[in-house]
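In the working numbering, the protein residues as written are 730 to 1143.
Even for Gly, the Cβ is constructed at its ideal location relative to N, Cα and C.
Let me begin by presenting the structure, written as structure tokens, before commenting on it.
Written out as structure tokens, the structure reads:
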């Protein structure tokens, strides 16, 4: 009955929302109980509705106990999500509702923020599990006399995305840390989180030298710190792997990528929750990756930090080249088996191998998501192009270690 009453209450209140920029109504209660006998009259007088509107609604003659409704999850979640736009409160003597449509979310960014606040209330445990993953994850013991290499993942990534490079670095004696962030939230938020973590690190270890190795979009977040006004110093090398410094045209496919990534997490991560698809962001970072976004325009207006040694590593092979080459290799191996002696099979197998080799030699102006021109950055002369695709630059692909690793190792040891 409570749910039915609430539904009819909102039916009565919606016309008022359409008639006034802001309204509030107080419905009398008796010891927390609402009698609907005079509900319609109260709403009509409070919202100044024409009698025909109220007369059209059916009469409800029930008494409902509303005590404790303030603590009900839906009420708390909606109040938190809409903030100054909506507030429903029940006292012993009145049900009070305030609604201001002028403060409702007016664009996609504000809508995402409201959904995030709603989800934090309705799924607090899942939100807490996710938030524990964010921030700068340091080794158990930090040697302040040794350089710390901080790895930063890219769009739809996580600390796991940095695992391959981190393992290679530790195997060579480097101490490493990983910075993780909600990778689909606005980049300004993620950059602010990185800045606060780096400032805390500098305060704790003021003499610590730091090298940054940033994957893809992570390079933009790191640049916001090292080239910004809050930079605290201490960074020596800054290696950016396939950074979309001037944006990426692949952002249109971000919803599909989001579904794929979360499908994988659902299958392999026991802590995963559907709530994460909202609290980690709803493709807001993709909007910041548009070439004409405010974030990129402001970021690229900043000069390079003169005391830092920059290196950019980019690729010039889209991923589909790799997939096509693998397909040709598979077909060639299949044709090279027991049917190799059949008429026409041998030449076909040789042609497929020739096609695979030709494909592997082809070079383009992008690695798939990031164009070479976008990866370039004014003032950075140490720019290396490798014949691989975006993912193969910084993760193990087909059993091969990250292609950027030899360059990273060389720069960090010189």
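Host beta strand (DSSP E) of residue i (start-end)
i            : result
residue 1135 : Counting along the chain, residue 1135 falls outside any beta strand (DSSP E), though it belongs to the alpha helix (DSSP H) covering 1134-1141.
residue 934  : That residue, residue 934, is in no beta strand (DSSP E); it is neither H nor E in DSSP.
residue 1038 : 1038-1044
residue 946  : It is not in any beta strand (DSSP E) - residue 946 carries neither H nor E in the DSSP assignment.
residue 824  : 823-828
Helix, strand or coil at residue i according to DSSP, with G and I counted as helix
i            : result
residue 757  : strand
residue 966  : strand
residue 924  : helix
residue 794  : strand
residue 813  : helix
residue 918  : helix
residue 1128 : coil
residue 884  : coil
residue 762  : strand
residue 951  : helix
residue 1114 : strand
residue 860  : helix
residue 980  : helix
residue 871  : coil
residue 807  : helix
residue 1073 : Confidence in residue 1073 is poor, its pLDDT being 48 and thus under 50, which makes the residue's placement unreliable; the coordinate value appears in the next sentence. Residue state, collapsed to three classes: coil.
residue 1068 : The pLDDT assigned to residue 1068 is 46, lower than 50, so where the model puts this residue is not dependable; a value taken from the coordinates is nonetheless given after this. It is coil, neither helix nor strand.
residue 735  : Confidence at residue 735 is low in this model, with a pLDDT of 46, below 50, so its placement is unreliable and the value that follows should be read with caution. Of the three classes helix, strand and coil, the one that applies to residue 735 here is helix, per DSSP.
residue 1054 : Unreliable positioning characterises residue 1054 in this predicted model, as indicated by a pLDDT of 48, which lies under 50. The coordinate reading is nonetheless provided below. Correct three-state label for residue 1054: helix.
Range of the contiguous alpha helix (DSSP H) that encloses residue i
i            : result
residue 990  : 983-997
residue 897  : 892-900
residue 1007 : 1005-1008
residue 1025 : 1023-1028
residue 1013 : 1013-1017
Residue i - partner residues in DSSP beta bridges
i            : result
residue 866  : 907
residue 847  : Residue 847 is not bridged to any residue.
residue 1122 : Residue 1122 pairs with nothing; no bridge assigned.
residue 1100 : 1095
residue 818  : 825
residue 802  : DSSP lists no partner for residue 802.
residue 878  : 905, 940
Test item: CB-CB of residue i and residue j under 7 Å
i            : j            : result
residue 824  : residue 758  : yes
residue 1013 : residue 911  : no
residue 940  : residue 878  : yes
residue 992  : residue 1098 : no
residue 926  : residue 904  : no
residue 880  : residue 894  : yes
residue 966  : residue 1140 : yes
residue 1008 : residue 840  : no
residue 969  : residue 1037 : no
residue 827  : residue 753  : yes
residue 975  : residue 1015 : no
residue 999  : residue 1104 : no
residue 1124 : residue 1131 : yes
residue 862  : residue 909  : yes
residue 805  : residue 761  : no
residue 957  : residue 1033 : no
residue 793  : residue 763  : yes
residue 931  : residue 963  : yes
residue 980  : residue 1019 : yes
residue 1096 : residue 1044 : yes
residue 857  : residue 833  : no
residue 829  : residue 751  : yes
residue 928  : residue 961  : yes
| Given 8 Å, three or more beta-carbon pairs between the stretch 1017-1032 and the stretch 944-963 | Of all C-beta pairs linking the stretch 1017-1032 to the stretch 944-963, three or more are shorter than 8 Å, placing the two stretches in contact.
| field | Touching by the beta-carbon criterion (3+ pairs, under 8 Å), the stretch 814-831 and the stretch 844-864 | value | The answer is no - the stretch 844-864 does not touch the stretch 814-831, with fewer than three Cβ pairs under 8 Å.
| request: Determine contact between the stretch 1104-1118 and the stretch 873-893, defined as no fewer than three beta-carbon pairs at a distance below 8 Å. | output: Fewer than three beta-carbon pairs drawn from the stretch 1104-1118 and the stretch 873-893 are found closer than 8 Å, and the two stretches are therefore not classed as touching.
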